[in-house]
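Q: Have a look at this one.
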Amino acid sequence: MKVIFFGTPKFAAETLAFLLDNKINIVAVVTKPDRPQGRSREPVPTPVKKTLLSLSPSIPLFQPEIVSEADFAPTLTAFDADLFVVVAYGEILRQHLLDMPHLACINVHYSLLPKYRGAAPIQQAILNGETETGISIIHMVKKMDAGDIIKMTHVPIGENTTFGELGEQLCVSGCQAILEVLREYETGSTPDHYAQDEQQITFAKKIELEDCQIDWQKPASFIHNLVRGVNPEPGAWCIVNIKGENKRLKIKQTRLIKDISGTPGSILSYGKEGFVVSCSAGAIEILELQLEGKKPMHSLEFTRGIQVTFQSSKS
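So that you can map any letter, position 9 of the sequence shown is 183 in the numbering used here, and since no number is skipped, the others follow by simple counting.
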């Protein structure tokens, strides 16, 4: 059984490594082009590219700017693939690509579909205070994340679980789930599948930087979910005034405190682990933060010897 793997970020790279380690016959890999990053603007390869070159450099690698361009189709057709496996590739595949493999084009999606279709299912589940999410292995169709469900696994979300932590848990679950599906295809059988419930659809839009600004007029639970839902990236942030100058401050770790309140944005107390900031309902203890241009630090190091004023709401 010949498989072409499509993927780009870290989770996809870990899935690729897992499948290679389990002897899945991956005949080609497609990832996004190298992109300029950092101050040097030097092109940086995707995590999937790095993983493939490290583990199996003999497998053909392709990095089309637009995968669905007609002139790239013959390149894929030549591999005579049985399956396409897509994990966070970063581009919608058009119908002529979905029809190309002999058996199916299948996708690993990081939510319990039909909830959280879209680009940011892990982050949005945390932002919304969900206590459970999971993995859906689906047949790919033209409509985004709308195909039949082949396999689903459930993963709990802890009160303080971050996007990065949950992503790792889901990646482990997803690796095992996709391997089980591929093993079933290898036996010559077609896995059972069922349609999604169209009445239960919700969407997970991409997280933009402006979505990550903290508004202290919001409830503490909302802010706590925001901080952990965008940690490590892009990171929740707010504006603070230090010695008369406004600066951007990333809040990296918090603890929810429900039984205390005060003027939103005011520092209520200092403890052994951090300082407590009031919200519209409840408060949060800030444990770790990062001032623009500085390294991450313990919150008490930040406040030692200086007076800090939080901007109470978005500008």
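Where is the CB? At the ideal position from N, CA and C, for every residue including glycine.
Everything numeric in this text was worked out from a predicted model, so none of it was measured.
Which runs of the alpha helix (DSSP H) fall wholly inside the segment 322-364 and span at least 4 residues, in chain order?
A: With a minimum length of 4 residues, the continuous alpha helix (DSSP H) runs that stay inside the segment 322-364 are 337-360.
Q: Which residues does DSSP pair with C412 in a beta bridge?
A: L423.
Q: For Q350, which of H328, S435 and D254 has the nearest alpha-carbon?
A: Comparing Cα positions, the closest option is H328.
Q: May I have the straight-line CA-CA distance separating A320 from L286, to the nearest angstrom?
A: Cα to Cα, the separation comes out at about 12 Å.
Q: Can you tell me which of E462, H283, I425 and G456 puts its alpha carbon nearest to the alpha carbon of G181?
A: Minimum Cα distance to G181 is reached at H283.
Q: Please look up how many angstroms separate the CB atoms of K379 and A294, rounded, as I've assumed it's under 8 Å.
A: Their Cβ separation, rounded to whole angstroms, is 6 Å, which keeps K379 and A294 in contact under 8 Å.
Q: What residue range does the beta strand (DSSP E) around S310 cover?
A: E306 to H313 is the span of the beta strand (DSSP E), which, as asked, contains S310.
Q: Identify every residue that forms a DSSP beta bridge with T428.
A: According to DSSP, which records beta bridges pairwise, T428 is partnered with I460.
Q: Going by the beta-carbon positions, is the gap between V404 and Q297 smaller than 9 Å?
A: For V404 and Q297, yes; Cβs fall inside 9 Å.
Q: Starting from R402, trace the beta strand (DSSP E) both ways and give me its first and last residue.
A: Counting along the chain, R402 falls outside any beta strand (DSSP E), though it belongs to the alpha helix (DSSP H) covering A394 to G403.
Q: Quick check on S310: buried or exposed, where buried means 16 or more other Cβ atoms within 10 Å of its Cβ?
A: Under this definition S310 is a buried residue.
Q: Between the segment 219-233 and the segment 183-196, are three or more C-beta pairs nearer than 8 Å?
A: Touching, per the Cβ criterion.
Q: From which residue to which residue does the alpha helix (DSSP H) around A191 run?
A: First-last of the alpha helix (DSSP H) with A191: K184 to D195.
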